[in-house]
Amino acid sequence: MTPKPPLFDSARIKRNYARAQKKDSDSGFLRRRALEDMSERLQAVMRPFENGLLLSPFLPDAEALPASLGDVSDKIEIAPQSRDLVTSLLHLHLEENLPGALQHIREGLRPDGLFLGALFGERTLHELRAALLRAESEYCDGVQARIIPFVEIKALGVLMQHAGFALPVVDVDRVVVRYSSLMALMRDLRAMGQANPLAGTIRPLRRDVIARAEEIYRASHGGDDGRLPASFEIVHMCGWAPHESQQKPLKPGSAQVSLTDVLGKKKT
């Protein structure tokens, strides 16, 4: 059986992150937003963590959580049952094998250990995706994928269950950022380390295609202020390594109070 070709170019991902580290810009605002949200969720747990790990390509992130920084430049490495906390910040959407990565994280947790993660979800940059595809279809001999296929939110909950997490929870923080131009948005994406990481030869975007894409973008989504809205979905995940002390769902028929009693209705 012919092996499936890779979706991502790992060397390209490394270069994207390395360039982003060198940039002095405010483009890390989405990462900081996700990190602050993660920190608040962690505080709500109200228990100490002594051996946490943060999976992030950006060094300063480690200062905000009770965790040491883990390397995500290659395959994620976590010794089995070695951590009581694993956090992952805006990089799992670039994992070639997301189901395997989630399972590896769960196996790296001690019993009753906590996983908190954030990644970009399915509606991220949907406006840009549509504008670029249409512009290239009009001006070029064929189109090329420019935006990665982000994971569906419903699928992510299923993946967490299959990875063996107990009590999995998935929710979404939807953010709309407004840009003065298409080039300003694309510069910000590069500064975030989110330039095109797809495998294969990437054909440079011609200036006329970019100009046409901006026309399409403005016609479809442009606001009265003349700016272009760009959607980002930050999907937050929470799950636990199984432990006998955790709450378990009731078995069917084991309820002690009937639904009619709860609703205040008489049985007929």
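Position one of the sequence shown corresponds to residue 0 (numbering that gives the first Met the number 0), numbered consecutively onward.
Just so it is clear, CB atoms sit at the ideal spot from N, CA and C, and this is done for glycine as well.
As the structure is a prediction and not an experimental result, all values here were calculated from the model.
Query                                                                                                                                                                   : Result
For A78 versus L91, is the C-beta spacing smaller than 9 Å?                                                                                                             : no
Do you know offhand how far D224's Cα is from P56's?                                                                                                                    : 35 Å
Would you kindly check if the distance between the Cβ of N50 and the Cβ of R189 is under 9 Å?                                                                           : no
Should R82 go down as buried or exposed, given a rule of 16 or more other Cβ atoms within 10 Å for buried?                                                              : buried
Could you check whether I12 and P148 sit closer than 9 Å to each other, using their CB atoms as the reference points?                                                   : no
Rounded to whole angstroms, how far is the Cβ of P4 from the Cβ of A218, which I believe are closer than 8 Å?                                                           : In fact, because the Cβ distance is near 35 Å, the residues do not count as touching under 8 Å.
Can you list, in chain order, the residues of its chain with a C-beta nearer than 8 Å to that of D207? Leave out the 5 residues immediately preceding and following it. : Y138
Does DSSP put G221 in a helix, a strand or coil?                                                                                                                        : coil
Can you tell me which of L166, D140, V169, A130 puts its alpha carbon nearest to the alpha carbon of H220?                                                              : A130
With the cut-off set at 9 Å, would you say M37 and L88 are in Cβ contact?                                                                                               : yes
May I have the straight-line CA-CA distance separating I151 from M185, to the nearest angstrom?                                                                         : Correcting the residue identity first, residue 151 is Glu in this sequence and not Ile. For E151 and M185, the distance between alpha carbons rounds to 23 Å.
How many whole angstroms separate the CB atoms of G238 and F119, which I take to be in contact at a CB cut-off of 8 Å?                                                  : With a Cβ gap of about 19 Å, G238 and F119 do not count as contacting.
Secondary structure at A268, three-state DSSP: helix, strand or coil?                                                                                                   : Given a span of 0 to 267 for the chain in the structure shown, any question on residue 268 remains unanswerable.
In its own chain, which residues sit with a C-beta less than 7 Å from the C-beta of R202, not counting the 5 before and 5 after it?                                     : Q143
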